[in-house]
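Chains as they are written, first to last, in our numbering: chain C, 1 to 88; chain B, 1 to 257.
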């Protein structure tokens, strides 16, 4: 089965996020008030062949730990769309 | 004594490192290609600055999986001296040879200018020619040089005196204004537990001539002094100590089923 994988990588809590801070400041400068705690991250999307969703999930977790995220500074969230919900 | 300089696609300080070793201190330098599996008997390894693999994903993240890095990691675990400069420092952190990580400068700007760093420790293979507290002028050139780590790691680094270089002002104090990138505790360079693996963001290899300054020469002179004193890693000393004996041992090993 082919799964659609989406990984969101964001700075870990407590790790400075100068990009997010700067976006927040810029939004303030543009007059958008009430914007707080802006975090900027990275989106990685791909398709993965796996027998089932569990196998896909554990495989993607390993990819994240080893390469896609640096656990020292980043956290990640994985979304897996199964073939039924994914577009053909 | 032979110093290996690893070339990744996107390295751009490899020639400066080569010259620092070759012309700066008159030692033998060789380039090592990132796809190679062979350190060619080098007694120390330099990971130069640059933008290996275009800094894609994170600086140093892809280079760490280069074939040569497997050998570099094994060499470091064997006690071999390894110096990572700038992108090389980022690679050492990504490879887990040094703790923490280097993230975007707090200014969000690429910073390219001279800085002052204070030598915090002189009993490493790369700082023995300096005196404790020496203040050196070296250039930086990086967009991702802000050193960060868990509080626990920072406490361990400070407790074990593993901060080797710190950004300081003209008075030699780690003032906030002297910190070019927001690094925690003004950290510019650290070492591993064994003090053989050192990483720093400033570029000592760019200050090894009369024209540009010579504050970086000590790093390379220190290394040569260290290698001459130790003869390389234990494995290299064993191999160099008794050539024919080693061959015989290898032959014996080869004939063992």
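Glycine residues also receive a C-beta, built at the ideal position from the N, C-alpha and C atoms. Nothing here was measured: the structure is a model prediction, and the numbers come from that model.
Output yes or no for whether 9 Å exceeds the beta carbon distance between residue 208 of chain B and residue 168 of chain B.
no
Spatial neighbours of residue 104 of chain B within its chain, please: C-beta separation below 8 Å, excluding the five flanking residues on both sides.
143, 144 and 146
Quick one: residues in its chain with C-beta nearer than 8 Å to the C-beta of residue 141 of chain B, no 5 flanking neighbours on either side, listed in chain order?
So the qualifying residues of the chain are 49, 86, 110, 111, 112 and 203.
Considering residue 20 of chain B, what are the terminal residues of the beta strand (DSSP E) in which it resides?
No beta strand (DSSP E) holds residue 20 of chain B; DSSP gives it neither H nor E.
Report the three-state DSSP secondary structure of residue 243 of chain B (helix, strand or coil).
With a pLDDT of 45 at residue 243 of chain B, under the threshold of 50, the predicted position of this residue should be treated as unreliable, though the coordinate-derived value follows. Correct three-state label for residue 243 of chain B: helix.
Does the distance from the CB of residue 20 of chain B to the CB of residue 45 of chain B come in under 9 Å?
no
Beta carbons nearer than 8 Å to chain B: which residues of the stretch 56 to 88 of chain C have them?
67, 68, 70, 72 and 73
In chain B, what lies closer than 9 Å to residue 22 of chain C by C-beta?
108
Residues in its own chain within less than 7 Å of residue 100 of chain B by CB, not counting five upstream and five downstream?
93, 147, 148, 149 and 153
Check whether the Cβ of residue 16 of chain C lies closer than 9 Å to any Cβ atom in chain B.
Put simply, the CB of residue 16 of chain C is near chain B, with a gap under 9 Å to one of its CB atoms.
Does the beta carbon of residue 94 of chain B come closer than 9 Å to any beta carbon on chain C?
yes
Answer yes or no: does any C-beta atom of chain B fall closer than 9 Å to that of residue 19 of chain C?
yes
If we define contact as Cβ-Cβ less than 9 Å, is residue 146 of chain B a contact residue for chain C?
So yes, residue 146 of chain B belongs to the interface.
Rounded to the nearest angstrom, how far is the Cβ of residue 106 of chain B from that of residue 182 of chain B, given a contact under 8 Å?
3 Å
Mind reading off the beta-carbon distance from residue 213 of chain B to residue 137 of chain B? Whole number of angstroms is fine, and I expect it under 8 Å.
Right, their Cβ atoms sit about 6 Å apart.
Between residue 41 of chain C and chain B, is there a C-beta pair that is closer than 9 Å?
no
Hey, quick one: how far does the beta strand (DSSP E) through residue 304 of chain B stretch, first residue to last?
Nothing in the structure corresponds to residue 304 of chain B, since chain B is present only between 1 and 257.
Roughly how many angstroms separate the alpha carbons of residue 52 of chain C and residue 59 of chain C, rounded to a whole number?
11 Å
Taking residue 104 of chain B as the query, report the chain C residues whose CB atoms sit under 7 Å from its CB, ordered along the chain.
Going along chain C in sequence order, the residues near residue 104 of chain B (Cβ under 7 Å) are 18 and 19.
Out of C:44, C:69 and C:72, which has the shortest C-alpha to C-alpha gap to residue 4 of chain C?
C:44
Could you compute how far the alpha carbon of residue 29 of chain B sits from the alpha carbon of residue 79 of chain C?
48 Å
For the stretch 77 to 88 of chain B, which residues have a beta carbon sitting closer than 8 Å to at least one beta carbon of chain C?
none
Between residue 129 of chain B and residue 225 of chain B, how many whole angstroms is the CB-CB distance? I'm expecting something under 8 Å.
A Cβ-Cβ separation of about 7 Å places residue 129 of chain B in contact with residue 225 of chain B under the 8 Å criterion.
Is the beta carbon of residue 184 of chain B closer than 9 Å to that of residue 88 of chain B?
no
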